[in-house]
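Number of protein chains: 2
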Amino acid sequence: MTKQRKLIIGIVNSSRNHPTAAEIYSEARRMMPSIAVGTVYRNLKLLTNAGEIRKLSFPGQPERYDRIEHPHGHLYCVACGGINDFDISPALRDEILAHAGERAISCDVTIDYLCDACAGSK
Amino acid sequence: MTKQRKLIIGIVNSSRNHPTAAEIYSEARRMMPSIAVGTVYRNLKLLTNAGEIRKLSFPGQPERYDRIEHPHGHLYCVACGGINDFDISPALRDEILAHAGERAISCDVTIDYLCDACAGSK
DNA sequence: CGAAAATTAGGAATGATTATTAATTTCAAC
DNA sequence: GTTGAAATTAATAATCATTCCTAATTTTCG
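Residue numbers (the numbering used here), protein chains in the order written: chain A, 24 to 145; chain B, 24 to 145.
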């Protein structure tokens, strides 16, 4: 458990923006200017595999990282690529997970939509 | 509507494997050896924007393309990265889409799980 | 047919991510 | 607290997926 790793965990867990690796790197440099980009990527992968954080994929943009907390889904604006969260009830979550039987681990629900800003500007 | 575009539409619509751009290119070359990789990417983007095919994103792998048919969700094996489909009832789909209000367009439901093969080999 | 517009092939360029390597840091045992 | 092996780091090169560029070809449609 190095200080670099602690810093990266802290950034992801205190962020509400689903940051990309580049954004995490940029934020990390503010606290530790000598940190290397490879260190950020390696630790993000390590933490993801360890189940401490979650990786999110959206079309046409770099991977994003999310903390693990009460289950939530994502709203993906097809116009601007912005991402917001929405709450998923445990009941709905269980209903979805039932489709994969015993071996289900978790689920990601993403709704493509038009966000307020993009809908307003048309 | 060029022959290249027709070929690419045909490959995606006749495939049940959520192929990547590289796989589509490779298949396309079998029918038309002179086709260029840039042509495949450009047409896939065009067809996606036109709503004729659908783009899927999964962590750690290139983008995949899927035909548009009766709504279905995806099972993503966290061990091998393999992807399978599962059916989603219209009722469940509507229940999910309700979370985004009027401006919802579509939804992607992905369940992380262990596929039969990966669960068996442990 | 013939000209304008769109598309293509080929390859260079870009951006995100991973691999490499020598130097530094961590951590448990003394 | 010192020590030394194992893990980790910084820096940079390399790789992979995807996009951009340009001249040549094809399509469209009057």
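Yeah, the Cβ is synthetic: ideal placement off N, Cα and C, and Gly gets one too.
Would you mind working out which of A/T62, A/G104 and A/K68 sits nearest A/T133, comparing C-alpha positions? A/G104
Please look up how many angstroms separate the CB atoms of A/E86 and A/A44, rounded, as I've assumed it's under 8 Å. 7 Å
A/A59: which of A/I31, A/L70 and A/N72 sits nearest, CA to CA? For A/A59, the closest C-alpha among the options A/I31, A/L70 and A/N72 is that of A/I31.
Going by DSSP, which residues form a beta bridge with B/N107? B/L98
Does the region 73-80 of chain A come close enough to the region 46-59 of chain A to have 3 or more Cβ pairs within less than 8 Å? no
In chain order, which continuous runs of the alpha helix (DSSP H) of length 4 or greater are located wholly inside the region 30-68 of chain A? 44-54
Between which two residues does the alpha helix (DSSP H) harbouring B/A127 extend? Careful: B/A127 lies outside any alpha helix (DSSP H), inside the beta strand (DSSP E) at A127 to Y136.
Run through the DSSP bridge pairs and tell me what A/K78 is partnered with. A/Y88
Residues near B/I119 in its chain [Cβ-Cβ closer than 6 Å; skip 5 each side]: C130
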